[in-house]
Amino acid sequence: MDIIISHDWNVSLTTAKGIQKELFKKVEFSKIDVTKVKKVLAVDISYHRKSKLGFAVMGVFNVSYDMDRRIFNINQYSIHKNIANVSFPYIPGFLSFREIPLLIPLLNNFKDKPDLVLVDGAGIAHPRKMGLASHIGVIYDIPTIGCAKSRLIGDYDEPGTRKGSFSYLYYKGEVVGAVLRTRDYTRPLFISPGNKTDIESSVSLVLSFCTNYRIPEPIRIIDSKTKKFRKEYERGKNAEVI
């Protein structure tokens with residue numbers, strides 16, 4: 011894939027805010043037909059505790075939708091890795107500037123545009139509506155969904171206790187996402203559209219990937235791969251640093 015919109019990454023917070031506000035103007039909202047989702051990417055990053063190293067993992071998943079059970083089956087997947095030094099500091103609300111440079115080599119090596127990218131992070135449920143999922147979606151012009159384990163912004167009513175129950179997430183009087191129960195009696199996830207999807211499609215798609223666990227299966231898989239990647243490096247196994 012090629013980046014459609016380029017910008018600098020090592021910038022001041024004032025400049026970063028301006029970039030985020032400009033990029034949000036490019037966000038598109040549309041429904042996604044689940045039956046047409048065949049190729050899904052999921053991305054995740056882990057960090058070395060004693061250095062500036064970041065460990066990025068991208069999973070490429072070939073999936074098919076089961077109309078009867080309303081779930082996605084993962085037919086095949088591959089894992090792609092990158093390790094590099096991180097230059098941007100950890101500042102909530104600006105994680106895109108820290109993490110996307112690690113993901114760019116992986117995303118650029120993916121030849122075709124995916125039908126969907128699942129991101130462990132926020133979409134428009136962000137102070138400037140430009141979380142990690144939205145940022146990736148806009149600069150690559152691809153459909154993305156933010157699937158966060160915790161709330162970054164907003165207020166909500168607690169959803170029902172059963173799987174599939176959800177309530178809307180509000181920020182400054184506007185609906186920016188959904189609080190979705192993906193398993194009975196478990197903590198909800200915070201779902202928000204990133205780009206080229208909408209809240210309802212995002213909820214439906216994420217729920218269809220939560221077959222046996224609280225976390226959507228592609229994100230759950232790469233989360234474990236990312237942690238393993240980092241631990242292998244910490245144990246002294248070879249990994250090329252960019």
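Going by our numbering, the first residue of the sequence shown is number 11, and it counts up by one from there. Backbone N, C-alpha and C fix where the C-beta goes; we use that ideal spot for every residue, glycine too.
In this structure, R193 sits near R224, with a CB-CB distance shorter than 8 Å.
In this structure, the alpha-carbon of K60 lies about 33 Å from that of L33. If the five residues before and after H90 are omitted, its C-beta is found closer than 6 Å to the C-beta atoms of M68, L116, all from its own chain and listed in chain order. Between the alpha carbons of D18 and H136 lies a gap of roughly 20 Å. It is roughly 30 Å from the alpha-carbon of G141 to the alpha-carbon of D76. Here E168 is exposed, its C-beta having fewer than 16 other C-beta atoms within 10 Å. DSSP places T236 in the uninterrupted alpha helix (DSSP H) bounded by 227-244. Judged by pairs of C-beta atoms under 8 Å, the region 181-199 does not touch the region 123-130, as fewer than three such pairs exist.
The three-state reading of DSSP puts P203 in strand, counting E and B together.
With contact defined as three or more Cβ pairs closer than 8 Å, the region 212-221 and the region 150-159 are in contact. Using a Cβ distance threshold of 8 Å, S211 and K48 do not count as a contacting pair.
Taking the CA atoms as reference points, F39 sits about 26 Å from I55. Secondary structure of N118 (DSSP, three-state): helix. Boundaries for I152: no alpha helix (DSSP H) harbours it, and the DSSP string shows neither H nor E there. For A132, the three-state secondary structure derived from DSSP is coil.
Nearest neighbour of T207 by Cα position, chosen from V148, E227, I84, Y87, turns out to be V148. The DSSP-derived three-state label of V213 is helix. According to the DSSP assignment, G28 belongs to the alpha helix (DSSP H) that extends over 23-34. Ranking G164, R197, I146 by CA distance to the CA of T171 puts R197 first. If you draw a straight line from the Cα of I152 to the Cα of G246, it comes to about 37 Å.
Within 10 angstroms of the beta-carbon of L105 lie 16 or more other beta-carbons, which makes it buried. The beta carbon of I209 sits closer than 7 Å to those of V185, G187, A188, P203, all from its chain and outside the five residues before and after it, given in chain order. Comparing alpha-carbon positions, the option among S175, G164, G174 lying closest to Y181 turns out to be G164. Under the three-state reduction of DSSP output, S74 falls in the strand class.
Taking C-beta separations shorter than 8 Å and ignoring five residues to either side along the sequence, the partners of S16 in its chain run I149, following chain order. In this structure, V21 sits away from G64, with a CB-CB distance that is not shorter than 8 Å.
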